[in-house]
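Colleague:
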């Protein structure tokens, strides 16, 4: 085993190919999480309101994947990342020919593509595995928020605790900085939320955003929060303006802030120090 680790450590390109291939398969599972987790949560909320529990089993494992239109069970060879979508199915259900969303191969490809800079930045080691898990959770959060304006606690809270636990060993920052980062991340957006609500009577963001920034602070420490907030805010404004110019989104319509936090968090974990140094040089 050590021989393989040493080989991939020396041959970083080969390591990135292996990790990208593995991430493709994880991306297929992320599609399941993105689709099913909001439904699972809605069922839980409905059960709390009505007091009636559903008898059918619905989770990340069961029922087996099937076409939502014709209920055709998806065979294993129809579920090979990227290949099945483009070569075998040609973006349509094999049974009813209903178009399949481009979202599925996009998530798979994204999981694979972002794994490459992770490997080149951190090497072939345990740190890379931690960052991969970090990025996979961020992908799921991004697309769930885009679809439902929802950042589930079932993802944000584990992300926060994983960050704190890793930093007990000073993996990315000191434990002290991680704890302060988690607290400051939550309280900073919480303060903005209440200031905006008191001034306008409207809610500018959700509590999921607070928890997500707290999780990012737990991973990278309190010193990473300024660059994360700067990157997320600037990207949100720029993309909103672009969508408005393209008439894809009205400026008075709400937009999910979670995706911008996830992008900023990912960029900051990989290149935060370099960006902060560049920002300070430009500022001075």
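In the numbering used here, the protein residues as written are 677 to 960.
For each residue, glycine too, the CB sits at the ideal point set by N, CA and C.
Tell me the DSSP secondary structure of residue 929 in three-state form.
Modeller: As a working note, residue 929 is residue 253 in the chain shown. Residue 929 falls in the coil class under three-state DSSP.
Colleague: Give the DSSP-derived three-state secondary structure of residue 742 in the structure shown.
Modeller: The residue you call residue 742 lines up with position 66 of the chain shown. Residue 742 falls in the strand class under three-state DSSP.
Colleague: Which runs of the alpha helix (DSSP H) at least 4 residues long sit entirely within the segment 846 to 902? Give them in chain order.
Modeller: Fully enclosed alpha helix (DSSP H) runs of 4 or longer: 851 to 876, 883 to 896.
Colleague: What is the rounded straight-line gap between the Cα of residue 863 and the Cα of residue 729?
Modeller: Along the chain shown, one-based indexing puts residue 863 at 187. Along the chain shown, one-based indexing puts residue 729 at 53. Their backbone Cα atoms lie some 36 Å apart in a straight line.
Colleague: Leaving out five residues on either side along the sequence, give the residues of the same chain with a beta carbon under 8 Å from the beta carbon of residue 811.
Modeller: Indexing the chain shown from 1 puts residue 811 at position 135. Around residue 811: 787, 790, 791, 794, 942.
Colleague: CA-CA distance, residue 705 and residue 891?
Modeller: The residue you call residue 705 lines up with position 29 of the chain shown. The residue you call residue 891 lines up with position 215 of the chain shown. Looking at the two C-alpha atoms, the distance is approximately 22 Å.
Colleague: By the DSSP assignment, the alpha helix (DSSP H) with residue 701 in it spans what residues?
Modeller: Translated into positions along the chain shown, residue 701 becomes position 25. Residues 688 to 726.
Colleague: Determine the contact status of residue 903 and residue 948, defining contact as a CB-CB distance below 9 Å.
Modeller: Here the question's residue 903 lines up with position 227 in the chain shown. Here the question's residue 948 lines up with position 272 in the chain shown. Their beta carbons are under 9 Å apart, which means residue 903 touches residue 948 by this criterion.
Colleague: What residues match up with residue 768 in a beta bridge as DSSP calls it?
Modeller: Stepping through the chain shown from its first residue, residue 768 is reached at position 92. The partner list for residue 768 (beta bridge, DSSP) reads 775.
Colleague: Measuring CA to CA, which of 829, 820, 721, 724 is closest to residue 783?
Modeller: Position 107 of the chain shown, counting from 1, holds the residue named residue 783. Residue 783 has its Cα closest to that of 820, out of 829, 820, 721, 724.
Colleague: In the DSSP assignment, what residue or residues form a beta bridge with residue 793?
Modeller: The count along the chain shown starts at 1 and reaches residue 793 at position 117. Bridge partners of residue 793: none, in fact.
Colleague: Do the segment 745 to 754 and the segment 712 to 720 make contact, defined as three or more Cβ pairs closer than 8 Å?
Modeller: Flag = no, the segment 745 to 754 and the segment 712 to 720 do not touch.
Colleague: Buried or exposed for residue 843, please, with buried defined as at least 16 other CB atoms from any protein chain shown within 10 angstroms of its CB.
Modeller: As a working mapping, residue 843 is identified with position 167 in the chain shown. So residue 843 counts as buried.
Colleague: Alpha carbon to alpha carbon, how far is residue 707 from residue 838? Give it in angstroms, no decimals.
Modeller: Here residue 838 refers to the residue found at position 162 of the chain shown. Here residue 707 refers to the residue found at position 31 of the chain shown. Cα-Cα distance, rounded: 22 Å.
Colleague: What does a CB cutoff of less than 7 Å around residue 932 pick up in its chain, not counting 5 residues either side in sequence?
Modeller: As a working note, residue 932 is residue 256 in the chain shown. Same-chain partners within the cutoff: 821, 822, 825.
Colleague: Considering only DSSP beta bridges, list what residue 749 is partnered with.
Modeller: In the chain shown, the residue the question calls residue 749 occupies position 73. Paired residues: 742.
Colleague: With a CB to CB cut of under 7 Å and the five nearest residues on each side skipped, what residues in its chain are close to residue 640?
Modeller: The structure shown does not extend to residue 640, since the chain is modelled only from 677 through 960, so no value can be given for it.
Colleague: Suppose you measure from the CA of residue 689 to the CA of residue 801; what does that come to, to the nearest Å?
Modeller: In the chain shown, counting from the first residue as 1, residue 689 sits at position 13. In the chain shown, counting from the first residue as 1, residue 801 sits at position 125. For residue 689 and residue 801, the distance between alpha carbons rounds to 14 Å.
Colleague: Tell me which residue opens and which closes the alpha helix (DSSP H) that residue 829 is part of.
Modeller: Locating residue 829 in the chain shown gives position 153, where the first residue counts as 1. Taken as a continuous stretch (DSSP letters only), the alpha helix (DSSP H) holding residue 829 covers 829 to 842.
Colleague: Tell me the rounded alpha-carbon separation between residue 803 and residue 835.
Modeller: If you number the chain shown from 1, residue 803 lands on position 127. If you number the chain shown from 1, residue 835 lands on position 159. Residue 803 and residue 835: Cα-Cα distance of roughly 15 Å.
Colleague: So, at 7 Å on beta carbons, what are the nonlocal neighbours of residue 898 in its own chain, with the 5 sequence-adjacent residues on each side left out?
Modeller: Start at 1 with the first residue of the chain shown, and residue 898 comes out as number 222. Result list for residue 898: 853, 856, 857, 860, in chain order.
Colleague: Going by alpha carbons, who is nearest to residue 930 out of 867, 847, 754, 878?
Modeller: The sequence position of residue 930 within the chain shown is 254, counting from 1. With distances taken between Cα atoms, residue 930 lies closest to 878.
Colleague: Ignore the nearest five residues each way along the sequence and tell me which others in residue 937's own chain have a CB closer than 8 Å to its CB.
Modeller: Along the chain shown, one-based indexing puts residue 937 at 261. If we look at residue 937 and ignore the five residues flanking it on each side, its Cβ neighbours are 885, 888, 889, 892, 904, 908.
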